[in-house]
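What follows is a single structure, written as structure tokens, with notes after it.
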Amino acid sequence: MSENMSVRFEHDILETTITNLVIANRILAREDVIDDFGHVSVRNPLNPDRYFLSRSRSPEVVTRGDIMEFTLDGELVGSDHRRPYAERHIHGAIYKDRPDVNAVTHHHARSILPFTMNAISLRPIFHMSAVIGSTIETWDSQDEFGDTNMLVDSMEMGHSLSKVLGESRVALLRGHGCVCAADNLKAVCMVSIGLKDNAKLIHDTLQIGELSYLTDGEIEKTSAMLLSPMPLARAWDYWVARAGYSGI
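Per UniProt numbering, the very first residue in the sequence shown carries number 1; after that it's consecutive.
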């Protein structure tokens with residue numbers, strides 16, 4: 001490959017990544033996962049020590065021009081003076097601690113919030129929610145940081161949260177929300193939407209009877225199937241159409 005072709009190839013990769021990040025913002029807003037607050041990021045595919053994240057703006061209105069690049073320590077790359085998300089350290093800490101993770105969401109979907117404040121497990125009860133995984137721990141900022149403004153606004157707090165996330169795809173934040181982590185943007189959207197849906201289904205099920213969770217084996221096999229290329233592509237096409245981006 002010639003040098004010019006290589007440069008063009010890398011440019012195209014970055015443009016596709018950033019376009020998909022904008023679309024992921026719109027998808028998660030459309031699916032009522034991310035509201036006026038919350039955010040989604042993606043690791044730079046050409047430089048794993050950096051990631052892309054919008055400036056501080058509601059996800060439903062994020063555009064290509066809002067995307068910023070950060071180091072894993074949360075430092076802005078370049079000279080953009082617009083305000084970044086205070087909680088960008090969630091993303092940087094997870095990327096730093098988890099080389100296998102290439103996309104992260106932080107959101108406050110209302111259906112999950114009760115589960116951040118009680119002992120009822122959010123373990124999957126629905127096969128399409130198997131992607132959230134079998135282990136979902138809750139991080140409580142009180143344990144290490146005492147009374148705060150409830151924002152994860154430092155790398156120290158980000159790494160504390162990341163430690164509770166461990167090798168899982170989901171962790172809850174007591175009285176706040178959750179983080180979701182996955183290999184790519186399509187997968188992290190599926191995990192984030194699946195978590196929201198699973199929480200609603202658990203709430204509804206408890207109104208009529210006892211819960212029956214999926215087994216470890218069911219979760220492992222079903223999530224492996226759903227996170228494979230064909231199901232992810234099919235789901236992504238559906239979400240893109242619902243978000244008004246079909247055909248671009």
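Cβ atoms here follow ideal geometry from the backbone N, Cα and C, with glycine treated the same way. Since the model is a prediction, treat every value here as computed from it, not as a measurement.
Between Glu-60, Val-164, Ala-130, Phe-145, which lies nearest to Ile-193 when the distance is taken from Cα to Cα?
-> Ranked by how close their Cα comes to the Cα of Ile-193, the residues Glu-60, Val-164, Ala-130, Phe-145 have Ala-130 in first place.
Which runs of the beta strand (DSSP E) spanning at least 3 residues fall entirely within the segment 65 to 106, listed in chain order?
-> You should have 67 to 71.
Identify which residue in Ser-6, Ala-235, Met-5 has its Cα closest to the Cα of Met-128.
-> When each option's Cα is compared against that of Met-128, the closest is Ala-235.
Please name the residue, chosen from Thr-105, Tyr-51, Asn-47, that lies closest to Pro-59 on a Cα-to-Cα basis.
-> In this structure, Thr-105 is the residue among Thr-105, Tyr-51, Asn-47 with its C-alpha nearest to the C-alpha of Pro-59.
Run through DSSP, which three-state label would Pro-45 get?
-> In this structure, Pro-45 counts as coil in the three-state DSSP scheme.
Using only alpha-carbon positions, find the residue among Asp-49, Thr-63, Ser-56, His-159 that is nearest to Leu-21.
-> That would be Thr-63, whose Cα lies nearest to the Cα of Leu-21.
On the DSSP bridge assignment, give the partners of Gly-177 in chain order.
-> When DSSP reads this structure, Gly-177 sits in a beta bridge with Leu-173.
Looking only at C-alpha atoms, which of Gly-78, Cys-189, Ile-13, Arg-82 sits nearest to Leu-28?
-> Scanning Gly-78, Cys-189, Ile-13, Arg-82 for the CA closest to the CA of Leu-28 turns up Cys-189.
May I have the straight-line CA-CA distance separating Leu-206 from His-91, to the nearest angstrom?
-> For the pair Leu-206 and His-91, the Cα-to-Cα distance works out to about 33 Å.
Give the DSSP bridge partners of Tyr-51, in chain order.
-> Per DSSP, the beta-bridge partners of Tyr-51 are Arg-43, Phe-70.
Determine the direct distance from the alpha carbon of Met-5 to that of Thr-148, and round the result to whole angstroms.
-> Just so you know, the alpha carbons of Thr-148 and Met-5 end up roughly 50 Å apart.
Out of Tyr-95, Thr-138, Ser-54, Pro-231, state which residue places its alpha-carbon closest to the alpha-carbon of Ala-171.
-> The shortest Cα separation from Ala-171 among Tyr-95, Thr-138, Ser-54, Pro-231 belongs to Thr-138.
Buried or exposed: where does Ser-141 fall if 16 or more other Cβ atoms within 10 Å of its Cβ makes it buried?
-> It counts as buried.
Indicate whether Ala-103 and Leu-161 have their beta-carbon atoms separated by less than 9 Å.
-> Going by C-beta atoms, Ala-103 is not nearer than 9 Å to Leu-161.
Compare the beta carbon distance of Thr-135 and Ser-168 with 9 Å and say whether it is the shorter of the two.
-> Yes, they are a contact pair.
For the beta strand (DSSP E) holding residue 249, just list the boundary residues, first then last.
-> An answer regarding residue 249 cannot be provided, because it is not within the stretch 1 to 248 covered by the chain.
Counting only the same chain and skipping the five closest in sequence on each side, list residues whose C-beta sits under 7 Å from that of Asp-73.
-> Excluding residues within five positions, the ones whose Cβ falls inside 7 Å are Gly-92, Met-155.
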